[in-house]
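Trainee: Can you keep this structure in mind? I'll have questions shortly.
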Amino acid sequence: MQFLSLLLMAIIASSESQLGNISLLKDEYCLGDRAQEVYSSCAKSHNLGEAEIKRYLNREFAKSQNEKCFRACILSKCNFFNDDGTFKKDLAERGAALLSLKDPSRFDVVFKVMSQCVNSTSTSSNRCDSTEDLYECAMKNIPYKFTLSEYS
-16 MQFLSLLLMA
-6 IIASSESQLG
4 NISLLKDEYC
14 LGDRAQEVYS
24 SCAKSHNLGE
34 AEIKRYLNRE
44 FAKSQNEKCF
54 RACILSKCNF
64 FNDDGTFKKD
74 LAERGAALLS
84 LKDPSRFDVV
94 FKVMSQCVNS
104 TSTSSNRCDS
114 TEDLYECAMK
124 NIPYKFTLSE
134 YS
């Protein structure tokens, strides 16, 4: 877990970020200290090691149900799901904002991809599978090179 600790130290320290009209509050959208808490909690509850966390951060697809559920845990704790397990209406906009923090000029392209992925991903009673479907769609179609550790 030393890797996770080092990774989490690199998380954005600001309490609030803003992109366009979207305000990304640290606690609600998993920035800063909140991101560290969520990653640690989800990794622990799904018994993940360094290799699985690296796969997620390097935009690689999950190789186990535990990895899928780790990813769903993150989305759930970061308020991307409604109580009934469906994706929140603003998921594409918020996801694009988070992935565009380092380069706001990418927002429109990332938003378009995220919107298409949200609309094409069916939310089922299994949040783990729905999350992985959304993740795979986004990672396959966002044309920019990056790792998720840059945006955590």
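All residue numbers for the sequence shown refer to this note's numbering, where the first residue is -16 and numbers rise by one.
By construction, the Cβ of each residue, glycine as well, lies at the ideal position given by its N, Cα and C atoms.
Looking at the structure shown, is residue 90 part of a helix, part of a strand, or coil, going by DSSP?
Mentor: Helix at residue 90.
Trainee: Which full runs of the alpha helix (DSSP H) of 4+ residues lie inside the segment 13 to 66, going along the chain?
Mentor: As far as the segment 13 to 66 is concerned, its whole alpha helix (DSSP H) runs of at least 4 residues are 16 to 28, 33 to 40, 48 to 60.
Trainee: Spatial neighbours of residue 56 within its chain, please: CB distance less than 7 angstroms, with the 5 preceding and 5 following residues excluded, ordered by chain position.
Mentor: Here the set comprises 25, 28, 29.
Trainee: Quick check: what's the CA-CA separation for residue 119 versus residue 92?
Mentor: Whole-angstrom Cα-Cα distance: 17 angstroms.
Trainee: Within the same chain, show all residues whose beta-carbon is closer than 8 angstroms to that of residue 108, passing over the 5 residues directly before and after it, in chain order.
Mentor: So the list reads 68, once near-sequence residues are dropped.
Trainee: What does the alpha-carbon distance come out to for the pair residue 5 and residue 72?
Mentor: Bear in mind that a pLDDT of 48 at residue 5, under 50, signals an unreliable position, so the number given afterwards is only what the model happens to contain. Distance between the alpha carbons of residue 5 and residue 72 is about 14 angstroms.
Trainee: Would you tell me roughly how many angstroms separate the C-alpha atoms of residue 94 and residue 47, rounded to the nearest one?
Mentor: Near 28 angstroms, if we compare the C-alpha coordinates of residue 47 and residue 94.
Trainee: If you draw a straight line from the C-alpha of residue 106 to the C-alpha of residue 113, how long is it?
Mentor: Spanning the two alpha carbons is a distance of roughly 5 angstroms.
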